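Visitor: There's a structure below that I have some questions on.
Protein chains in written order, with the numbering used here: chain A, 60 to 313; chain B, 60 to 313.
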């Protein structure tokens, strides 16, 4: 029997320029591509390759499907936007594996990293992640909201730069409002904030503001929200958005 | 006068398969490449391109040099391993810009993201960064040690997965020992720990252990240390290292 395999592929934020050669090669050899509809649909159609596009929130079914196909000898690319290891499909595949059979655990699996949304956002803005930072998902689909509160509190107490994933969706508009309300009790109003939407795609939109001035409703499902540490600052420029960066030093100007 | 430019280029963890097409293109058009010796030396020599390899710890001089060359019309690639926005050269360039002249601030600059060490490590290990995480540099060259203590404490209180950059060096062997001593007072001994050294390079070495069992001296300058949250777990496999992952859910098994 042919030995199948699962390749968990990071597509990056969207543009080809950010797709690694490793990910390109995986997409070229896969017999099956599995993923959330918009990611699968934007990939070119290839002869002999079957696309399985599924809706959001069915990650475990998708992972189970990939395991089954791999065990039948298929080369399955499970695709995620960004990095599959960061709030994406890799954890779902390993959850399915963990709950699965010995055959599942023996499946050949490889994770192919990609550029995550916070990196594309940071690159566009300057260097806001230049110092210690946290990445927090505001989705409470799979974790209790009090865990999110605990982590936002810890992130503010630690004075980390904070990258917020999944800040809001149509059915879940509230988290980003609640997160900002909390952070406003803990951090200065002058703290820089960036809403970086769909960076690298045609509908990219950047909003630079401060914690005091920010309208949390600026964030949608495609937005990565960055909130500075006490050291994060803007550099004003003529005729362009200011740069946003976090120095490598802290408190002590070298 | 020809308009110069600075491209702050992420080389990723090492292998070509993780170098983005955007970064490859930048290296091909640059008139000058500036960076830390090992990164610059491993790049191919190109006709008409000048390499400026400098020692570690001179990031600001390097950034200043890049600004000067760009203002003379050069296309300058400032290279970093990993992602230049994550504990690397991007913040140094913006620090130099911030302290610089109006001409500096008008310099055309672009940041090109790359795969960072924690992503390569996570991909190799499974999906340890599958849930909320922090990235902390243990270098106290530019920040007071008490800030590092504050952040490690907050990261443990928030039950984040923790990625430690710069855990140790020959002249600075102590931080990783002190960090583990602190984390051992706050997190369970059974917490999974990974030492992921030089992932993707010929001298890659992975050590999987627990917080209770770990020998902090396993970490060197090329090691990314990952410490799990309370949810991070191993999946045992026959004849291979176990997988390491953090589920997307927290506390509540769906």
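Where is the CB? At the ideal position from N, CA and C, for every residue including glycine. From a predicted model like this one, the values you see are computed outputs, not experimental measurements.
Could you name the residues of the region 78 to 99 of chain A whose beta carbon sits closer than 8 Å to any beta carbon of chain B, in the order they occur along the chain?
Guide: Of all residues in the region 78 to 99 of chain A, 78, 79, 80, 81 and 84 have a Cβ within less than 8 Å of some Cβ in chain B.
Visitor: Please classify residue 100 of chain A: does DSSP put it in a helix, a strand, or coil?
Guide: The answer is helix: DSSP assigns residue 100 of chain A an H, G or I state.
Visitor: Specify whether the region 222 to 229 of chain A and the region 242 to 251 of chain A touch according to this definition: at least 3 beta carbon pairs, one from each stretch, less than 8 Å apart.
Guide: No: the two stretches stay apart, fewer than three of their Cβ pairs being nearer than 8 Å.
Visitor: Let me check one thing: in DSSP terms, what residues is residue 112 of chain A bridge-paired to?
Guide: Looking at the DSSP assignment, residue 112 of chain A forms a beta bridge with A/94.
Visitor: Could you tell me the boundaries of the alpha helix (DSSP H) in which residue 269 of chain B lies?
Guide: Looking at the DSSP string, residue 269 of chain B is not in any alpha helix (DSSP H); the run it does join, the beta strand (DSSP E), is 264 to 269.
Visitor: When the Cα atoms are used, what is the spatial distance from residue 210 of chain B to residue 291 of chain A?
Guide: Taking the straight line from one Cα to the other gives about 16 Å.
Visitor: Using a cut-off of 9 Å between C-beta atoms, extract the partners of residue 209 of chain B located in chain A.
Guide: Near residue 209 of chain B (Cβ distances below 9 Å), the residues of chain A are 216, 217 and 218.
Visitor: Name, in chain order, the residues that DSSP records as bridge partners for residue 302 of chain A.
Guide: Looking at the DSSP assignment, residue 302 of chain A forms a beta bridge with A/294.
Visitor: For residue 262 of chain A, does the count of other Cβ atoms within 10 angstroms reach 16, so buried, or fall short, so exposed?
Guide: Under this definition residue 262 of chain A is an exposed residue.
Visitor: How close, in whole Å, do the beta carbons of residue 294 of chain B and residue 304 of chain B come, if the pair is a contact with beta carbons under 8 Å?
Guide: Confirmed, about 7 Å.
Visitor: Sort out for me which residues DSSP pairs residue 134 of chain B with in a bridge.
Guide: Residue 134 of chain B pairs with B/64.
Visitor: In angstroms with no decimal places, state the Cα-to-Cα distance between residue 160 of chain B and residue 299 of chain A.
Guide: Near 17 Å, if we compare the C-alpha coordinates of residue 299 of chain A and residue 160 of chain B.
Visitor: Is the Cβ of residue 64 of chain A closer than 9 Å to any Cβ of chain B?
Guide: No, because no Cβ of chain B sits closer than 9 Å to the Cβ of residue 64 of chain A.
Visitor: Quick check: residue 63 of chain B and residue 133 of chain B, are their CB atoms within less than 9 Å of each other?
Guide: Against a cut-off of 9 Å, the Cβ pair of residue 133 of chain B and residue 63 of chain B comes out as a contact.
Visitor: Is the distance from the Cβ of residue 283 of chain A to the Cβ of residue 180 of chain A below 9 Å?
Guide: Yes, the pair counts as a contact, with Cβ atoms nearer than the cut-off.
Visitor: Report the neighbours of residue 178 of chain B on chain A: residues whose CB is nearer than 7 Å to its CB, in chain order.
Guide: 142, 144 and 172, listed in chain order.
Visitor: On the CB-based measure, 16 or more other CB atoms within 10 Å of its CB, does residue 189 of chain B come out buried or exposed?
Guide: Its Cβ being crowded by 16 or more others within 10 Å, residue 189 of chain B is buried.
Visitor: Between the beta-carbon of residue 219 of chain A and the beta-carbon of residue 191 of chain A, is there less than 9 Å?
Guide: Against a cut-off of 9 Å, the Cβ pair of residue 191 of chain A and residue 219 of chain A comes out as a contact.
Visitor: Is the beta carbon of residue 148 of chain A sitting closer than 9 Å to the one on residue 67 of chain A?
Guide: Cβ atoms of residue 148 of chain A and residue 67 of chain A: closer than 9 Å.
Visitor: Can you give the Cα-Cα distance for residue 118 of chain B and residue 128 of chain B, rounded to whole angstroms?
Guide: Going from the Cα of residue 118 of chain B to the Cα of residue 128 of chain B covers about 15 Å.
Visitor: Counting only Cβ-Cβ distances shorter than 9 Å, please list the residues of the region 243 to 254 of chain A near chain B, keeping chain order.
Guide: Flagged: no residues at all.
Visitor: Report the three-state DSSP secondary structure of residue 174 of chain B (helix, strand or coil).
Guide: DSSP places residue 174 of chain B in coil when its eight states are reduced to three.
Visitor: Can you tell me whether residue 277 of chain B is helix, strand or coil according to DSSP?
Guide: Helix.
Visitor: Do we get a CB-CB distance below 9 Å when we pair residue 265 of chain A with the residues of chain B?
Guide: Not one chain B Cβ lies under 9 Å of residue 265 of chain A.
Visitor: Considering residue 83 of chain B, what are the terminal residues of the alpha helix (DSSP H) in which it resides?
Guide: It spans 80 to 88 - the alpha helix (DSSP H) in which residue 83 of chain B sits, taken as one unbroken run.
Visitor: Could you confirm whether any beta carbon from chain B is found closer than 9 Å to the beta carbon of residue 192 of chain A?
Guide: So yes, residue 192 of chain A belongs to the interface.
Visitor: Within its chain, find whatever has a CB closer than 7 Å to the CB of residue 172 of chain A; leave out the 5 residues flanking it on each side and keep chain order.
Guide: Around residue 172 of chain A: 69, 142 and 144.
Visitor: To the nearest whole angstrom, what separates the beta carbons of residue 77 of chain A and residue 90 of chain B, a pair I think is in contact under 8 Å?
Guide: About 24 Å separates the two Cβ atoms, so there is no contact after all.
Visitor: Confirm the yes/no value for this check: CB of residue 232 of chain A, any heavy atom of the ligand FAD, distance under 8 Å.
Guide: Only the bare structure without any ligand can be found here, which leaves the ligand FAD out of the picture.
Visitor: Which value, in whole angstroms, describes the spacing of the CA atoms of residue 313 of chain A and residue 116 of chain B?
Guide: Because residue 313 of chain A sits at a pLDDT of 44, beneath the cut-off of 50, its placement in the model cannot be relied upon, and the following sentence gives the value as read from the coordinates. Whole-angstrom Cα-Cα distance: 12 Å.
Visitor: Would residue 204 of chain A pass as a contact of residue 234 of chain A if the rule is Cβ separation under 9 Å?
Guide: In this structure, residue 234 of chain A lies closer than 9 Å to residue 204 of chain A by Cβ.
Visitor: At the level of alpha carbons, what is the spacing between residue 73 of chain A and residue 215 of chain A?
Guide: One C-alpha to the other measures close to 31 Å.
Visitor: Whose Cβ in chain A lies nearer than 7 Å to the Cβ of residue 308 of chain B?
Guide: Those within 7 Å of residue 308 of chain B in chain A are 201 and 202.
Visitor: Would you say residue 156 of chain B lies against chain A (beta-carbon separation less than 9 Å)?
Guide: Judged by the 9 Å Cβ criterion, residue 156 of chain B is in contact with chain A.
Visitor: If you draw a straight line from the C-alpha of residue 230 of chain B to the C-alpha of residue 281 of chain B, how long is it?
Guide: Using only the alpha carbons, I get a separation of about 14 Å.
Visitor: Starting from the C-beta of residue 307 of chain B, find all residues in its chain whose C-beta is less than 7 Å away, skip the five residues before and the five after it, and write them out in chain order.
Guide: So the qualifying residues of the chain are 189 and 190.
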